[in-house]
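Protein chains in written order, with this note's numbering: chain A, 1 to 551; chain B, 1 to 753.
See below:
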């Protein structure tokens, strides 16, 4: 306990969970992160500490949660996961993947392709790739079930998702329209034959290890290992039945996994106590935790000693829904659930692939939309999106709710127009019309798992070459995520012509005030925003912005 | 051959320093370091730290019983700052406490009153103020000064390369256990157990034999743990001896990044003179190395920059001068390539500039001037078993450059906003420590009575596969199952006075020593068998696949029986052997000699696509032909090349170390310092090994692998530059690496308002 800063609150949690094949029943500090518990308390040292900020993946574990009769696993960064969130769940570390005598097909593929050198990052990769196999088996199971019941749309759904990811990944760098015909030809050339299916699967598998960094191999051998794993999976598809039983049969998971659903069920029946939603703590708690993937980075060495307000689970179970004219996203929705939501895909096709640029798979599995907005980073990816979409926030304290436009939510750097104890219960956006276009742009030093230097989203309706209902956001160019109100207003109802962009930029340039920092100089950010605004325009109006106009 | 280490890695069973169970009563240490880059220490207040719960001790410079000195080449770096600080992140106190967290809180509670002095971060400013770590070094061949007159064109230019964070996934760490007699046993994540031993003995004022250093394995090193793993181990040892309890320290990533040095940034000015046909006649280059606040390994790094300043080319007239400049940054240190990449980048920049002036492709000049057998390097050694042309030609066959040219020009004609670029990158890298005395190694081999074998050498396993390579050597000599051989931890009591595992020499030097030791043991066993089987000619006794043959007849003896019988006959089953590289020498006064046992060659073709609207890019393909000799373990060497290429590309592109004017590291976390990830790696990274390359100076004709392929990454810079020029023909772009998306966009567009 940290006494120097006057915090001396004793916090205890009767933790009940399963770690690998063992039941854990311990009284713990719920604010300690899982990584420390695994390494220092359980001496499960296969899980490594590389950065303690969710940026290397050496500490990746799988977290299994009982949903109905099945346990659904997601990969998480154990360095950012407070023990409170492990309550009643199954934690899988590398020790829980190992078969007694032989290597799993995933481990064998990494060995055979030279995908490990020093070995420090390797368990994290194995866990992420095991998570991928679980997801793959689940997708297959769903598809088989759908085919059996004659639901062809559902049967095709997962494949469509895969190709969506691919076309975006391949085309993102080239998504400029105009004469980039080679890129277009490349993406349409992906046909349905077997090798291409494996290539698509490779891209999908690569996405699931987007949170893992290997400094020794440079990842090329790991790519080869992924190819081998996908070949293995395509030779041994799940032809129905539980995904877990299938993977046990394939020796990808040890036998004991089959016992986990009933054992977690037992824990649930015994009623593992949830951390109470303590209103009085709410009054004094300096932090409200929803995901915590940023908070536990910023306060890595103090969070365990802070009283926190945890968002109660009935909030967390809320689902994305639609009303007549709007889509409603609960604040506790994880970025990954948002990204993979059929409703979001329906109204914002293509957004799922844009959002692959948000964090990494394990971060997206934990980070919430509400958390991203409340964190108030001037380059928050979700704030960027919802600022353009002119989202409304439903703020809630106890039973009292009020609505506030996101565009009025940020009052200064990290300043919010919200009482500390108010929760972001819901984010609502208007349904886009048939003439609506959404464009999302983000540039960072590294394309994936990086924070934007500048990001921007633009939504508009297009009728006869004229824009209306324009909403443009810009991040990284001011103390908060900005709504470029004047630029948006100027573009509204003005016919699109070759000179329009130059005028719009003059207006936008006066709306921003970038500063120099580790993510780029002020000059760069200004220039980059101009380019991203041009990219928005060029998506819909290829050739409208001339090279000469961007000197 | 099965890779036993890899099997342990994928099961999470490999034990790194922080994974080893520590004895009961182990304390944790944390470092308090300066938040000022330069200043006089007026006072250090430890009172609140000392009164904190869990804190056992705060140790300052005055608590050091021996010398407060860790400098290896130059004695200019204290373990703990006492009177002044010279960089932000310089340690001045150690807090020892019950837990890692208590030690951290203790360290955060220490306040130092420091009177600030002017801070220098810029290398040219340091040079202008004559802040030199060592006197300048100079290499000279022919007479460049009088050759300019014979050149058709003479060009001047400047090229800069940035630092690079090692980002070994396992951060620095150690623990120390006090032992009887006033000694200490240290487990350290170091590439240089002997340096840890020597410095700890000096700091504690005890004899070296009282310090035992053991290294299980490293979670990556890349040079970052050659000299800069030492201080953490020494601090733990100091705490252990002072408190009589084990003391452990594992650096948090951010502390590691702030306190340790990186690859040296360089600014270099060159003049190059050529004939119109592309023949390079003369090259003059001045290197300004940003050494940081202390010498560390900078002088040796500087020298290797000079050794490699002409890369893979023959230039008859060369004058190369190098300055190691002192700044207020953490002391920069060894990093894969060790100054070589910085030297090679400048000659490549000069060739690209010359090509533009001559209106030819850079690769025409590159190929025209490639080294040939017998060509002299600026340091006097002549090229032997030169493979420069062989690699280039093999690459042309594997991945025709003409095809890349066609891909790019067709694509660029069709696409206004997206451009492809490509570049060829030949390399030539000398193998041996350039400090000749370091080219020595020893191995200790035990055969146990059950036939199993334990091999100890001075080589440290850090992912480069040296253990597997030495295992394969022992297996080849003994002809036994690889499962019967174990590579032991690296330990100063079994391999004394070992050189660091560095300069790509780990398998060469230690492998040779192991080969010799195994050879002696085998010979001993064969002589014994010959005697038993009344065979007068020892050569007619053979051990193959664990079976003993006499004149090609199976004797009925297995390897295990042979060993057991020999033991019964009181034959020693242990051998220690020493190896020193023959032939090499170098005169530091004349800068001439034969410093390298041999050279490694290779050629790469790098292709990229640049999004000219956003300034972002992708590496499309890297095709390599690499000269690995007769590889000891092709799978390991392949993975080494692949990893090195990506690390080199990272250095040239997205990896940017940024300090502000006050010497504060802005890129001090993985959220701001980005290394290549899965998506950044190209889909085509294809490596072929050159066939028929002989190399008699190493175990079984192999060649060192660790560093040379790093330099293929330089091709990525010039491939991107060619894509920039495809969008903005003729545009003059400052040659500054890394070519981050920011620098690309600023090369493509003027500043906008």
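All residues carry an ideal CB built from backbone N, CA and C; glycine is no exception.
Under the three-pair Cβ rule at 8 angstroms, the stretch 388 to 405 of chain A does not count as touching the stretch 285 to 296 of chain A. Remark: three or more beta-carbon pairs, one from each stretch, lie closer than 8 angstroms, so the stretch 352 to 362 of chain A and the stretch 208 to 215 of chain A are flagged as touching. Not one beta carbon of chain B lies nearer than 8 angstroms to the beta carbon of residue 247/A.
When the beta-carbon positions are compared, residue 331/A and residue 481/A stay at least 8 angstroms from each other. Against chain B, the beta carbon of residue 348/A has no neighbour under 9 angstroms; the closest one sits roughly 21 angstroms away. In the same chain as residue 50/B, and ignoring 5 residues on each side of it, the C-beta atoms closer than 6 angstroms to its own belong to 58, in chain order. Between residue 46/B and chain A, the shortest Cβ-Cβ separation is not below 8 angstroms.
Leaving aside the five residues that flank residue 281/B on each side, the residues in its chain whose CB is nearer than 7 angstroms to its CB run, in chain order, 147, 150, 151, 273, 274, 275, 316 and 317. Chain B places a beta carbon closer than 8 angstroms to that of residue 524/A, counting this residue as a contact. Note that the C-beta distance between residue 336/B and residue 710/B is below 8 angstroms. Spatial neighbours of residue 419/B in its own chain (CB-CB distance under 7 angstroms, excluding positions within 5 residues in sequence) are listed in chain order as 412, 610, 612, 723, 726 and 727. 635, 636, 638, 639 and 640: these are the residues of the stretch 629 to 641 of chain B whose beta carbon lies less than 8 angstroms from some beta carbon of chain A, given in chain order. Listed by position along chain A, the residues whose Cβ is nearer than 7 angstroms to that of residue 242/B form an empty set, because the closest Cβ is around 24 angstroms away.
Taking 8 angstroms as the cut-off between beta carbons, the residues of the stretch 202 to 228 of chain A near chain B are 206, 209, 210, 212, 213, 214, 215, 216, 217, 218, 219, 220, 221, 222 and 223, in sequence order. Each residue's CA atom was taken as its position, placing residue 604/B and residue 708/B some 12 angstroms apart. Under DSSP, residue 403/A forms a beta bridge with 394/A. Chain-order list of chain B residues neighbouring residue 126/A: 10 and 12, by C-beta distance under 8 angstroms. Residue 543/B and residue 184/B have their C-alpha atoms roughly 43 angstroms apart.
Straight through space, the alpha carbons of residue 514/B and residue 474/B are spaced by roughly 7 angstroms. Per DSSP, reduced to three states, the secondary structure at residue 158/B is strand. Residues of the stretch 213 to 243 of chain B with a C-beta atom less than 7 angstroms from some C-beta of chain A are 218, 219 and 220, listed in chain order. Chain-ordered, the chain B residues with CB closer than 7 angstroms to the CB of residue 120/A read 16, 169, 170, 219 and 220. Below the 8 angstroms Cβ cutoff, chain B contributes 253, 669, 670 and 671 as neighbours of residue 53/A, in chain order.
Of all residues in the stretch 313 to 347 of chain A, none is placed with a Cβ closer than 8 angstroms to any Cβ belonging to chain B. Among the residues of chain B, those whose CB is under 7 angstroms from the CB of residue 446/A are 654, 674, 677 and 680, following chain order. Within the model, the alpha-carbon separation for residue 217/B versus residue 490/B is close to 8 angstroms.
By the 16-neighbour rule on beta-carbons within 10 angstroms, residue 338/A is buried. Of all residues in the stretch 57 to 81 of chain A, only 58 place a beta-carbon less than 8 angstroms from a beta-carbon of chain B. At least one C-beta of chain B is nearer than 8 angstroms to the C-beta of residue 301/A. Inside the stretch 92 to 151 of chain B, DSSP marks whole beta strand (DSSP E) runs of 3 or more residues at positions 111 to 116 and 137 to 141, from first to last along the chain.
The continuous stretches of alpha helix (DSSP H) do not include residue 251/B, and DSSP gives it neither H nor E. The alpha carbon of residue 141/A has as its nearest neighbour, out of 74/A, 237/A and 22/A, the alpha carbon of 237/A.
For the pair of segments examined, the stretch 502 to 516 of chain A was found to touch the stretch 466 to 481 of chain A: the number of CB pairs separated by less than 8 angstroms reaches three. An exposed status is given to residue 116/B, since fewer than 16 other beta-carbon atoms sit within 10 Å of its beta-carbon.
Only buried fits residue 202/B, as 16 or more other CB atoms lie within 10 angstroms of its CB. Counting the other Cβ atoms within 10 Å of the Cβ of residue 124/B gives fewer than 16, which makes it exposed.
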